[in-house]
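Q:
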Amino acid sequence: MANNSADHPPGNSVAEVDHEGDFGCTMMQLRELMELRSGEAVSKIAECYGDVQGICRRLKTSPIEGLSGNPADLEKRHTSFGKNFIPPKKPKTFLQLVWEALQDVTLIILEVAAIISLALSFYHPPEGDNEDCGEAGAVADEGESQAGWIEGAAILFSVIIVVLVTAFNDWSKEKQFRGLQSRIEQEQKFTVIRKGQVIQIPVAEIVVGDIAQIKYGDLLPADGILIQGNDLKIDESSLTGESDQVRKSLEKDPMLLSGTHVMEGSGRMVVSAVGLNSQTGIIFTLLGAGEDEEKKVKKAKTQDGIALEIQPLKSEEGVESEEKEEKEEKEKKKVNVTKKEKSVLQGKLTRLAVQIGKAGLIMSAVTVVILILYFVINTFGIQRKDWKAECTPIYIQYFVKFFIIGVTVLVVAVPEGLPLAVTISLAYSVKKMMKDNNLVRHLDACETMGNATAICSDKTGTLTMNRMTVVQAYIGDTHYKTVPEPEAIKPETLEILVNSISINSAYTTKILPSEKEGGLPRHVGNKTECALLGLVLDLKRDYQPIRDEVPEEKLYKVYTFNSSRKSMSTVIKNSSGPGFRMYSKGASEIVLRKCSHILDASGQQRVFKAKDRDEMVQKVIEPMACDGLRTICVAMRDFSTEPDWDNEADILNDLTCICVVGIEDPVRPEVPEAISKCQRAGITVRMVTGDNINTARAIATKCGILQPGEDFLCLEGKDFNQQIRNDKGEVEQERLDKVWPKLRVLARSSPTDKHTLVKGIIDSTVGETRQVVAVTGDGTNDGPALKKADVGFAMGIAGTDVAKEASDIILTDDNFTSIVKAVMWGRNVYDSISKFLQFQLTVNVVAVIVAFTGACITQDSPLKAVQMLWVNLIMDTLASLALATEPPTESLLLRKPYGRDKPLISRTMMKNILGHAVYQLVITFTLLFAGEKFFNIDSGRSALLHAQPSEHYTIIFNVFVMMQLFNEINARKIHGERNVFEGIYRNPIFCSVVLGTFALQIIIVQFGGKPFSCTALTIDQWLWCIFIGVGELLWGQLITAIPTHRLKFLKEAGHGIPKEDIAEEVLIEGADEIDHAEMELRRGQILWFRGLNRIQTQMDVVYTFQTGQTAVPGALRRQPSVVSQHNDAKTVSSPTHVGISSSSLSANSAAAAGPPAPASSSTTGN
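Going by the working numbering, the first residue of the sequence shown is number 275, and it counts up by one from there.
#1: Only counting runs of 4 or more residues, tell me where the alpha helix (DSSP H) segments fall wholly within the segment 289-376, in order along the chain.
#2: Mapping the DSSP letters down to three states, classify N1232 as helix, strand or coil.
#3: For the segment 486-494 and the segment 1074-1084, state whether three or more C-beta atom pairs, one from each stretch, are separated by less than 8 angstroms.
#4: Tell me which same chain residues have a C-beta within less than 6 angstroms of the C-beta of S638, skipping the five on either side of it?
#5: From the DSSP output, which residues share a beta bridge with I1184?
#6: Compare the C-beta of V934 with all C-beta atoms of chain D and state if any pair is closer than 7 angstroms.
#7: Using DSSP with H/G/I as helix, E/B as strand and the rest coil, what is F835?
#8: Provide the residue(s) that pair with S540 in DSSP beta bridges, ordered along the chain.
#9: Do you know how far the Cα of Q553 is from the Cα of E309?
#10: Decide if Q1275 is buried, meaning its Cβ has at least 16 other Cβ atoms within 10 Å, or exposed.
#11: Under the rule that 16 or more other beta-carbon atoms within 10 Å means buried, what is P1332, buried or exposed?
#12: Could you check the C-alpha separation between G851 and D912 for me, to the nearest Å?
#13: Mind listing, in chain order, the continuous alpha helix (DSSP H) runs of no fewer than 4 residues lying wholly within the segment 711-774?
#14: Once the 5 residues before and after A496 are set aside, which same chain residues still bring their CB inside 6 angstroms of it?
#15: Output the distance between the C-alpha atoms of Q1280 and V686, rounded to the nearest integer angstrom.
#16: Could you tell me if Q1112 is buried or exposed, where buried requires 16 or more neighbouring beta carbons within 10 angstroms of its beta carbon?
#17: Going by DSSP, what residues sit across from T958 in a beta bridge?
#18: Go ahead and pull the three-state DSSP assignment for S1224.
#19: How about C1130 and I644: do their beta carbons lie closer than 7 angstroms?
#20: CA-CA distance, I1293 and A1153?
#21: Give, in chain order, every unbroken run of the alpha helix (DSSP H) that is at least 4 residues long and sits entirely within the segment 856-905.
#22: Mind checking whether A747 and V935 have CB atoms under 7 angstroms apart?
#23: Between which two residues does the alpha helix (DSSP H) containing E803 stretch?
#24: Buried or exposed: where does A1498 fall if 16 or more other Cβ atoms within 10 Å of its Cβ makes it buried?
#25: Would you decide whether F1255 is buried or exposed? Buried here means 16 or more other CB atoms lie within 10 Å of its CB.
#26: Would you give the residue range spanned by the beta strand (DSSP E) that Q981 belongs to?
#27: Does the Cβ-Cβ distance between D1056 and A1072 come in under 7 angstroms?
#28: Would you say the segment 1006-1013 touches the segment 938-955, given that touching needs at least three Cβ pairs under 8 angstroms?
#29: Taking the alpha carbon of R1099 as the point to measure from, which residue in D718, D527, E385 has its own alpha carbon closest?
#30: For H1190, which three-state DSSP category applies?
#31: With DSSP as the reference, label Y672 as helix, strand or coil.
#32: Check L524 in the structure and name its three-state DSSP category.
#33: Is G991 near R1022, with beta carbons less than 7 angstroms apart?
#34: Please state if the CB of Q997 and the CB of V1019 are separated by a distance shorter than 7 angstroms.
#35: Tell me the rounded alpha-carbon separation between K366 and S1092.
#36: Is it buried or exposed, T1050, if we count other Cβ atoms within 10 angstroms and call 16 or more buried?
And the structure:
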């Protein structure tokens, strides 16, 4: 075999013109080869290259040693075959985002009104006729009428500020999102062989010709051809849509494709295509080729006779081209509702925003109508004037003024800051959660986590340290409570035992010396196998020479471990004579059942009957399990002639037991404390494990999941299934509802059991609130449960790519305590949003009522359009910044979770909102109608069209803002706490926002002049304004003193979906889950709701964070509705980060047409 380094002297010139000439095959030849499947591919390889080794020779690589890793050689391969990277789509420029923000209908209305107002202000009617136009004609003195343009200009200026702020927010969110993306990309590494050393390199550095090691749970980062494989099965559904696993072998189908998952087995492949030339890359190129082709691609692309169904992938280009179609189709078809419910919080917020939006729209319409009617009746009815041509511009100016007031009411009523607060809060939390070892992939997961009521946790690695060691053994009829000395065991038995362990384990599993002096040796690979190899070292033997003697190529047949087999076996050919020897290891009760002999104290085989087995279970296995040990049986079998290797039942039978070992995996020291925190916080922790029930029970008791004297269930998988399934074997929700509330430990469980349990708990409607379930998992088989869960946690260290793909949050330290941190952050997000809502709604209620009543009584809103926009800016953007960045405290873990159907606005919050609104309204109206007497100034009511700003209205504006500022401090507490200043110093953002707003307010009032309709105030007047503001804090204490339970009339708002609606939904398995807020939107309010576009644009961004798609403005985009016949969750799976660059699929092109698969079933990744 040509060794790579021999082929490439280090000084190999890279500057050769014909790079293709350096290698025996071109990129296009390899690309064409990779498009073939199974038999065709095998014959093509035989015809053109001889065999796979022939391809390796042409690519100048060694199947055993790999590439040399020489930089010049790697560079040449990059030049000839491309890099393993799919370039992400360009982010939107700042100007595009500005343009999007300008699309907001509310802003457009304001712009139009402002422009009309500007145009009219330059029209000066001829002198002397004004009296004929009635009171409307009365204009303030000349100098003032010249300044009429200021208001229009100021409104335009405010609109520009609002647009820039919105665009900047979107831009920074996009930037943060891309940062998160690249972080995930850098974390993804893959195992390759270079210079004979097995190393892990980032996926982007893989080149054509690399020899990659693949194993169970990997997501393939590039196309390759199998060199050697053991029982390899691949899930190619992400490319073909076929859910059956494909068996790969050198003889039948050696083609391995990027983006597919290894579901079983292991092997080595030579990389044949990377980046844009790999199968996934080709699909991206097709997608990017243009929107006309898009529609053809959407159906299915047949390529060389292979139907590549590009349904499960979703790209941004696709999103845009589909948007128009979707809109049309939506109008025609009946509403096709998305399957995945929005995150709990988003669902509640959408409903709330819809309700507030409706109220605001009605109020603003009524305001305009009343103003116009009053004006018309007064001018033409009471004063009996005629409409004259020369008066028209003046009347129109009035109408425009009324219209602007109406729009201003609407602007204030719609809480655009809400989605902004959500986004800021989530983005801030995600950044901080990184430090707490939580890498959040889907943004809404961190908020959902705050609602979690149940956690189903794995045992190994999450609750325990995943550092396994053999501590007891049963060898040669003796039960050793500690690892025996090698002299105590018969040499023949010892020889067989050491050989069995060394050969019958993945050769990638090794024990390496510690990196730090005096540290523990490093365990690489499967931890259980490391424990067994550790036993070999404890017995003063070495496994490496045995592996060198029997390299992987000499292994005759390997039955790899999988969840149904629960054992692993390796067959080797006898070197001395004919026949074969098979070594097996696996869960002791399973392997012992297949044993017919056992090695006795003299190393001879003795018959092993059923009663011997029962005795052994009682005397050896159960005592080990009750000490919390995991028991593994090591066995063997000799074959004199070659049997039928595919007949597994016969082969894995008639074994001879060599020994049974007890492996300890100590509980992490910090776990019991973390679990008791969860229990205090009202979260039930359940353990789901593949271990036997005694081991599971012992560990659960050590962790504190099981408390002594409590009445809880520990079930094995098969008992669990008997209790929840009917005679036909179908799962019945009623039966499940009897089991899960008391279940704490599920042992010997299969992946299906885990999925069934999670689904059952989520769908259940027993108990006061619906459950929100978090699940941890690390194996490929945990994928379905991780997807089904409300929040899936994958292990960053031990987790397979498939598990990480299906998860929402990756625990970078594999530690249960990080989940508790996630709960704390999640609750903090929820509380931050509630704080903001409490504050925002008080402002809204007061501003709308003041503008409405003021306009109806005095024909002019006490708060002018520009002032409203400023109030809107501080109360929305700045307050969302201040209140959404509160750091979490431990006290968050002392209350029960909110659950799915708890309203966003509790009765306490409603009491605060109404209480403060009363104070603010009383003060504002007192000032409006009696302020001039109190301050001894001129009244500002009944001012003329372009009158000077009055001190009176300036004081009203200033007091209003002061009250909001001090109420912002009140809003920091939402559960009725008295000390609103507690921990205020820990939040510098809050302090700076409050002080900054105060400073800006001084500038606006003192120097704002005509544009802001303000006049400078005296020190006395300022002190009164601040004093009235401080009154908010005192009033807040008074409100807190009123017990909420006395106020029966208070209603809650912002509910989740009512229980009755859910019950119907859940019964129809597989039926579309209906998001009621979404339905409400679609029933005819679509048109006006589009008007509240800013909410959507920002909600889009929140959604973008979840799915990595481009935020597309428009109500209908926020929850992309699935207009596609491929709505079947089972076939949808999307290879996010086709091992190439996670952003390739997520941020830029989460691939072809078809639904962004419901998050319950797909993994559109971020």
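Ideal placement from N, C-alpha and C gives every residue a C-beta, glycine not left out.
A: Result, derived from the coordinates:
#1: The segment 289-376 contains these whole alpha helix (DSSP H) runs: 301-308, 312-323, 326-332, 345-355, 368-376.
#2: DSSP places N1232 within a helical segment (H, G or I) once states are collapsed to three.
#3: In this structure the segment 486-494 lies against the segment 1074-1084, because at least three pairs of beta carbons, one per stretch, are closer than 8 angstroms.
#4: G680, V683, L684.
#5: Correcting the residue identity first, residue 1184 is Met in this sequence and not Ile. Answer is none; M1184 lacks a bridge partner.
#6: Within the model displayed, chain D is absent; a lone protein chain is all it includes.
#7: Reduced to three states, the DSSP call for F835 is coil.
#8: In the DSSP assignment, the residues bridged to S540 are K489, N504.
#9: In this model, E309 and Q553 are separated by some 8 angstroms (Cα to Cα).
#10: Taking all protein chains shown into account, Q1275 has 16 or more neighbouring C-beta atoms within 10 Å of its C-beta and is therefore buried.
#11: Confidence at P1332 is low in this model, with a pLDDT of 49, below 50, so the placement of that residue should be treated as unreliable; the coordinate-derived value is given next. Exposed is the call here.
#12: If you take the alpha carbons of G851 and D912, they lie about 12 angstroms apart.
#13: Within the segment 711-774, the complete alpha helix (DSSP H) runs of at least 4 residues fall at 718-724.
#14: Within the same chain, A496 has close Cβ partners N358, I480, S532, V545, V548, S552.
#15: Those two C-alpha atoms are separated by around 24 angstroms.
#16: Flag for Q1112 reads buried.
#17: T958 is bridged by DSSP to A728.
#18: In this structure, S1224 counts as coil in the three-state DSSP scheme.
#19: Yes. Within cutoff.
#20: Taking the straight line joining both Cα atoms gives about 27 angstroms.
#21: For the segment 856-905, whole alpha helix (DSSP H) runs of length 4 or above, ordered along the chain, are 862-867, 884-890, 896-900.
#22: V935 is positioned such that its CB atom lies closer than 7 angstroms to that of A747.
#23: In the DSSP assignment, E803 falls within the unbroken alpha helix (DSSP H) covering 801-812.
#24: Nothing can be reported for residue 1498, as the shown portion of the chain is limited to 275 through 1440.
#25: By the 10 Å Cβ count, F1255 comes out exposed.
#26: Annotation for Q981: no beta strand (DSSP E) segment contains it, and DSSP assigns it neither H nor E.
#27: Not a contact, by the Cβ cut-off of 7 angstroms.
#28: Because the criterion of three Cβ pairs below 8 angstroms is not met, the segment 1006-1013 and the segment 938-955 do not touch.
#29: The displayed chain sequence assigns Trp, not Arg, to residue 1099. Residue D718 is the option with its Cα nearest to W1099.
#30: In the structure shown, H1190 sits in a helix (DSSP, three-state: H, G or I).
#31: Three-state result, Y672: helix.
#32: In the structure shown, L524 falls within a coil segment according to DSSP collapsed to helix, strand and coil.
#33: Yes, the pair counts as a contact, with Cβ atoms nearer than the cut-off.
#34: Not a contact, by the Cβ cut-off of 7 angstroms.
#35: Distance from the CA of K366 to the CA of S1092, rounded to the nearest whole angstrom, comes to 34 angstroms.
#36: With 16 or more other Cβ atoms from the protein chains shown falling within 10 Å of its own Cβ, T1050 counts as buried.
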